[in-house]
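So the structure is just underneath, and the comments pick up after that.
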Amino acid sequence: MKLADLKKLNMPDTPGVYFFQNGKDILYIGKATSLRDRVKSYFSKDLIETRGPLIVDMVFKADNLKWQETDSVLEALILESNLIKKHQPYYNTKEKDDKSWNYVCVTNEALPKILIIRGKDIDFGAMSSKQYKIESYFGPYTSGMQLKEALKIVRRIFPFVDASSAKKDNYTFYRQLGLTPEVSNEHAMRAYKKNISNIKLFFDGKKKDVVKGLEKEMKAEAKVQHFFEAARLRNQIFALGHINDIALIKDSEILRKKKANLRIEAYDVAHMSGQNMVGVMTVVEDGEITKKEYRTFNIKNFTNANDTGALEEMLSRRFRHTEWGMPDLIVTDGGEAQFRVGMQVLKRYQLKIPVVSVVKDERHKPKDILGEKDLTNKYKKEILLANSEAHRFSITLHRKKRNKNFLV
80 MKLADLKKLN MPDTPGVYFF QNGKDILYIG KATSLRDRVK SYFSKDLIET RGPLIVDMVF
140 KADNLKWQET DSVLEALILE SNLIKKHQPY YNTKEKDDKS WNYVCVTNEA LPKILIIRGK
200 DIDFGAMSSK QYKIESYFGP YTSGMQLKEA LKIVRRIFPF VDASSAKKDN YTFYRQLGLT
260 PEVSNEHAMR AYKKNISNIK LFFDGKKKDV VKGLEKEMKA EAKVQHFFEA ARLRNQIFAL
320 GHINDIALIK DSEILRKKKA NLRIEAYDVA HMSGQNMVGV MTVVEDGEIT KKEYRTFNIK
380 NFTNANDTGA LEEMLSRRFR HTEWGMPDLI VTDGGEAQFR VGMQVLKRYQ LKIPVVSVVK
440 DERHKPKDIL GEKDLTNKYK KEILLANSEA HRFSITLHRK KRNKNFLV
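If you read the sequence shown in our numbering, its first letter stands for residue 80, the second for the next number, and so on.
Quick look at the structure:
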């Protein structure tokens with residue numbers, strides 16, 4: 080295939096799985112945060128350095144490309160694994176030794192555990208590993224790090240027991256975090272085994288069946304006025320529809336030199352001695368203000384003048400909203416402290432997004448921009464525009480809030 084062939088396909092900027100084919104034969108299956116951006120990377124001039132001669136050969140032989148969109152990156156990860164297992168594409172299996180791949184395993188015991196086990200440690204014929212009998216397994220998954228992050232996401236929806244939380248000294252700690260459920264009585268054990276069943280369905284790519292089953296259970300519990308249980312099921316349904324998979328978004332976060340539509344997000348906080356504190360996010364795309372993308376934040380955790388604390392809260396809340404899309408550059412207002420906060424939040428969410436910070440003089444005029452100099456020099460105009468808009472918007476919002484509270 081050639082880049083000209085790709086442009087004709089008009090691939091979407093959404094998560095999903097893509098298939099390089101030769102005729103009807105599937106050569107390679109991959110997952111993506113953005114199908115359009117990920118597939119486009121296979122036609123870059125440095126492909127042989129970044130992916131090696133095997134993938135170059137695959138792209139040369141491919142004459143067709145198909146894809147399947149998913150609701151989230153997490154589901155793309157799971158779908159990719161299931162499809163690789165089903166089709167065994169030549170270039171997937173040649174790219175990495177099957178023995179080093181990872182599997183999600185459900186143990187066969189009274190209190191089932193969810194574990195990640197390498198293929199080399201599993202006897203698939205006997206359905207066992209060195210330590211456990213295995214009831215079922217899902218995979219393979221090529222990235223152990225991404226699989227761990229995927230299980231963290233799933234665990235927040237369907238708490239389960241793993242090897243660490245099964246230990247007596249650790250159980251209470253994991254229970255308090257909400258990552259391990261109560262299993263001390265028969266009713267709790269039945270609920271836990273439903274969680275395990277739902278996890279198995281989810282990793283089997285059957286999210287719709289999971290949601291359908293939960294909705295049925297929720298209605299049944301509400302009918303007999305078990306409202307606490309009905310609310311728990313409702314929350315699980317909501318979480319499945321709003322999967323926070325930000326930690327899995329890796330392949331299209333790094334600023335590209337030739338990105339056509341550069342998205343810059345700028346953040347600012349406004350208050351008066353800590354009172355009526357508000358935070359804002361403004362957006363500049365391709366050098367132009369995009370007001371429909373602006374967001375406001377009522378700062379909840381700080382009542383005193385704490386600009387860095389408010390910025391941390393705002394960024395943390397922002398990066399739970401994967402449905403907003405991801406920025407290519409983040410602009411904070413302030414100095415070294417604000418710059419460090421931005422870096423810390425991104426590290427926590429495992430995001431590789433550049434951060435810059437606009438330093439002001441005593442008259443609140445820009446005097447320097449902290450960050451990577453090639454970025455601050457190349458995008459100085461756009462950075463200052465986004466920062467200026469954030470300052471204007473935050474002051475306007477603060478005044479409105481202050482006036483409203485004054486009249487109360």
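All C-beta atoms in this analysis are idealised placements derived from N, C-alpha and C, irrespective of residue type, glycine included.
- By DSSP's assignment, F239 forms no beta bridge with any residue.
- Sequence-distant Cβ neighbours of G414 in its own chain, meaning closer than 8 Å and more than five residues away, are S436, V438 and L449.
- In the three-state reduction of the DSSP assignment, G109 falls in the strand class.
- DSSP places G320 inside the alpha helix (DSSP H), whose first and last residues are F306 to G320.
- Shortest Cα-Cα distance from V289 to any of G320, S208, E300 and I368 involves G320.
- Beta bridge pairing from DSSP links L144 with F99.
- If you look at T455, you'll find it in the alpha helix (DSSP H) that goes K452 to K457.
- Secondary structure at Q225: helix, using DSSP grouped into helix, strand and coil.
- Beta-bridge annotation (DSSP): I232 is not paired with any residue.
- When DSSP states are grouped into helix, strand and coil, G358 belongs to the strand group.
- Nearest Cα to E300 within the set E451, A270, D84 and K287: A270.
- DSSP places G421 inside the alpha helix (DSSP H), whose first and last residues are E415 to R427.
- Rounded to the nearest whole angstrom, the C-alpha separation of A349 and H470 is 8 Å.
- Fully enclosed alpha helix (DSSP H) runs of no fewer than 4 residues occupy 286-302 of the segment 275-310, in order along the chain.
- Per DSSP, the unbroken beta strand (DSSP E) holding L408 starts and ends at L408 to D412.
- Annotated as distal: Q147 and V183, with beta-carbon spacing of 7 Å or more.
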